[in-house]
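Numbering (the numbering used here), first residue to last: 3 to 434.
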């Protein structure tokens, strides 16, 4: 054995371990000559055992910590996957889901059943499977084409207010016939102060009616055949977006600012700006530019509406007028516009407003007699009729569709609108 004075304990232990490992006789003598139990019962043995146990505990704790990290990571991944699944389920739930539309904006879904039925309906038309069409459709349109199933039509038409303002704010009347009469009272009862022993003077409300007449509204476009044939494309949602956007925008244009032939236009209906019962508030002579616009006119509109129709009124204005109104101040120097806050809408002179591009824009110079601001109770005195039918027809021979490998399709519905009162007012520019 080497001198322990010149060999450190680590090297000595290594030498002893090597001798024990390589020499069976030494190993046997060592194992039989040392009582391991007694050795471990000594103070040094207990200390060694404690260190070994602590070392093992540290190893286990390290492993547990590592496993905990892996478990936490797995839980996070599971949570993220669950959130994706939740969003997917939400996407697929008709009125509660959303998708990225053809214009890049987030839009609400039709429900997945309606989207699938609409896609199948269009593909069935394309395949000329008329027996299948008759089984799916509710009826045949008088102008050609087949009416899509009622639940599909109602889903597409349900989304029109997401694009158009008028169906949102007007009274919505489902129409089961081409013409619908709405009863209205043009004059009410009168109260009197009779003298003693004098009879009451009778008064009789005068009843009238507003009439909704549904007119044809149609759109025509073409889609590549690849869209019709590729089952991975959400065709039903795409077609629903196309139809409800074009219908919604046209409904807005005609029912807000349209002109019939009676008023010098070419539209089927007169919009709110040209309603027969509307009260026109003209600006002062010569006021035909924005520099002449006085914000008090917006306040004057509130009393231009006849008595009895002034409750729950709001403005409909163009973006240019809104940009002016939100900067304008009254004679006391206070803003006439208040921001939306705490779930309440923004207001102009304390009344809610709607901004739409369908209103005529009041620019720096406007033509005389331009009607450009509306005010009234739309939910009471403006009506929107909807037949809740949607006819779809396709063709591969219309125009150059066959040559361009396209399928042309047409969508037709019937809508009506009217305003009555007199319970509406409009602000118009002055005569020159």
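Where is the CB? At the ideal position from N, CA and C, for every residue including glycine. What you are looking at is a predicted structure, and each value in this text was computed from that prediction instead of being measured.
Exercise. Helix, strand or coil: how does DSSP classify residue 306 here?
Worked result: What you label residue 306 is simply residue 304 of the chain shown in a count that begins at 1. For residue 306, the secondary structure class from DSSP, reduced to helix, strand or coil, is helix.
For this session: Look at residue 395 and residue 412 and say whether their C-beta atoms are less than 8 Å apart.
Result: The residue you call residue 395 lines up with position 393 of the chain shown. The residue you call residue 412 lines up with position 410 of the chain shown. Contact: yes.
For this session: Evaluate the contact criterion for the stretch 331 to 350 versus the stretch 277 to 293: three or more CB pairs, one atom per stretch, below 8 Å.
Result: Pairwise C-beta distances place the stretch 331 to 350 out of contact with the stretch 277 to 293, as fewer than three of them are shorter than 8 Å.
For this session: Check whether the Cβ atoms of residue 418 and residue 214 sit closer than 8 Å, and answer yes or no.
Result: Residue 418 sits at position 416 when you count from the first residue of the chain shown. Residue 214 sits at position 212 when you count from the first residue of the chain shown. The answer is yes: Cβ separation under 8 Å.
For this session: Starting from residue 245, trace the alpha helix (DSSP H) both ways and give me its first and last residue.
Result: If you number the chain shown from 1, residue 245 lands on position 243. Taken as a continuous stretch (DSSP letters only), the alpha helix (DSSP H) holding residue 245 covers 237 to 259.
Exercise. Should the stretch 146 to 154 be called in touch with the stretch 349 to 364, which here means at least 3 C-beta pairs below 8 Å?
Worked result: No: the two stretches stay apart, fewer than three of their Cβ pairs being nearer than 8 Å.
Problem set entry | Residues bridged to residue 394 (per DSSP) | Start at 1 with the first residue of the chain shown, and residue 394 comes out as number 392. 148, 413, per the DSSP bridge assignment.
Exercise. Using the rule of at least 16 other Cβ atoms within 10 Å of the residue's Cβ for burial, across every protein chain shown, is residue 21 buried or exposed?
Worked result: Looking up residue 21 in the chain shown gives position 19. That one is exposed.
For this session: Run the CB neighbour count on residue 43, radius 10 Å, all protein chains shown included, and call it buried at 16 or more, exposed below.
Result: Here residue 43 is taken as the residue at index 41 of the chain shown, counted from 1. Per the 10 Å Cβ criterion, exposed.
For this session: Can you tell me which of 82, 376, 30 puts its alpha carbon nearest to the alpha carbon of residue 305?
Result: What you label residue 305 is simply residue 303 of the chain shown in a count that begins at 1. It is 376 whose Cα lies nearest to the Cα of residue 305.
Exercise. Secondary structure at residue 45, three-state DSSP: helix, strand or coil?
Worked result: As a working note, residue 45 is residue 43 in the chain shown. Residue 45: helix per DSSP, three-state reduction.
For this session: State the Cα-Cα distance for the pair residue 123 and residue 163, rounded to the nearest angstrom.
Result: Here residue 123 refers to the residue found at position 121 of the chain shown. Here residue 163 refers to the residue found at position 161 of the chain shown. So the alpha carbons of these two residues sit roughly 24 Å apart.
Problem set entry | Sequence ranges, alpha helix (DSSP H) only - wholly within the stretch 158 to 194, length at least 4 | 162 to 165, 168 to 171, all fully within the stretch 158 to 194.
Exercise. What did DSSP end up calling residue 21 once you bin it into helix, strand or coil?
Worked result: Counting from 1 along the chain shown, the entry for residue 21 is found at position 19. Residue state, collapsed to three classes: helix.
Exercise. Beta carbon of residue 425, beta carbon of residue 308: below 8 Å?
Worked result: The sequence position of residue 425 within the chain shown is 423, counting from 1. The sequence position of residue 308 within the chain shown is 306, counting from 1. Yes, the Cβ-Cβ distance between residue 425 and residue 308 is below 8 Å.
Problem set entry | Selection from 28, 70, 408, 48 that minimises the alpha carbon distance to residue 231 | One-based indexing of the chain shown puts residue 231 at position 229. Residue 231 has its Cα closest to that of 408, out of 28, 70, 408, 48.
Exercise. Opposite residue 357 in the DSSP bridges: which residues?
Worked result: Mapped onto the chain shown, residue 357 falls at position 355. Here residue 357 is bridged, per DSSP, to 319.
Problem set entry | Assumed close pair residue 285, residue 432 - CB separation to whole angstroms, cut-off 8 Å | Start at 1 with the first residue of the chain shown, and residue 285 comes out as number 283. Start at 1 with the first residue of the chain shown, and residue 432 comes out as number 430. Going by Cβ atoms, the distance from residue 285 to residue 432 rounds to 4 Å, so yes, they are a contact pair.
Exercise. Quick one: what does DSSP say residue 269 is sitting in, helix, strand or coil?
Worked result: Taking the chain shown and counting its residues from 1, one reaches residue 269 at position 267. Per DSSP, reduced to three states, the secondary structure at residue 269 is strand.
For this session: Can you have a look at residue 50 and say buried or exposed, based on whether 16 or more other CB atoms are within 10 angstroms of its CB?
Result: Counting from one through the chain shown, the residue named residue 50 turns up at place 48. Label assigned to residue 50: exposed.
For this session: Would you tell me roughly how many angstroms separate the C-alpha atoms of residue 156 and residue 243, rounded to the nearest one?
Result: Taking the first residue of the chain shown as position 1, residue 156 is located at position 154. Taking the first residue of the chain shown as position 1, residue 243 is located at position 241. Whole-angstrom Cα-Cα distance: 14 Å.
For this session: Using three-state DSSP, classify residue 114 as helix, strand or coil.
Result: For the purposes of this step, residue 114 is taken as the residue at position 112 of the chain shown. Helix, per DSSP.
For this session: Kindly list the residues whose CB is nearer than 6 Å to the CB of residue 174, restricted to its own chain and excluding five residues on each side of it in sequence; keep chain order.
Result: Sequence index remark: in the chain shown, residue 174 carries index 172 (1-based). Closer than 6 Å at Cβ, skipping near neighbours: 386.
Exercise. Measuring CB to CB, does residue 361 end up less than 8 Å from residue 258?
Worked result: Taking the first residue of the chain shown as position 1, residue 361 is located at position 359. Taking the first residue of the chain shown as position 1, residue 258 is located at position 256. Annotated as proximal: residue 361 and residue 258, with beta-carbon spacing under 8 Å.
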